[in-house]
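FYI, the numbering for the sequence shown is -11 to 86, going by my numbering.
Quick reminder that beta carbons are idealized off the backbone N, C-alpha and C, glycines included.
The structure presented is a predicted model; accordingly, all values stated were derived computationally and were not measured.
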Amino acid sequence: MRARIVLWMAVAGAVACAPPRPAAAPAEPPAFLFSYFVRNGDDGLHLAWSKDGVTWLPLNGGRSVVTPAVQGAGSGWQEWDTRAALMRDPCIVRGPDG
-11 MRARIVLWMA VAGAVACAPP RPAAAPAEPP AFLFSYFVRN GDDGLHLAWS
39 KDGVTWLPLN GGRSVVTPAV QGAGSGWQEW DTRAALMRDP CIVRGPDG
């Protein structure tokens, strides 16, 4: 009985002292996504993608993916152009959930 207890304690000690397994390296993203506007931003949000972060290819045939929703008679800063509808300086950020 005593030999069994000693054996189990030795096994538990060996397992507890074993070096930890290295964590899996985080997977590289399959592609990068870039949001941008063209001209003055009046036609909306454009997206492009890249495998290397250097060479970018436009999505949606280079057409906007989302168009501005603010339109109409204009007010405040839009009074100079009553047809104003702009989407400027878009950004996309990876959230904590990936």
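- Minimum Cα-Cα distance from TRP37 among the listed residues LEU45, ARG76, ARG27 corresponds to LEU45.
- The DSSP-derived three-state label of ALA36 is strand.
- Straight-line spacing of the CA atoms in ARG(-10) and GLU16 works out to 52 Å.
- Of the candidates ALA19, PRO56, THR43, PRO56 places its Cα closest to the Cα of GLY29.
- For ARG76, the closest of ARG51, ARG27, LYS39, PRO10 by C-alpha to C-alpha distance is ARG27.
- Straight through space, the alpha carbons of ASP85 and PRO14 are spaced by roughly 14 Å.
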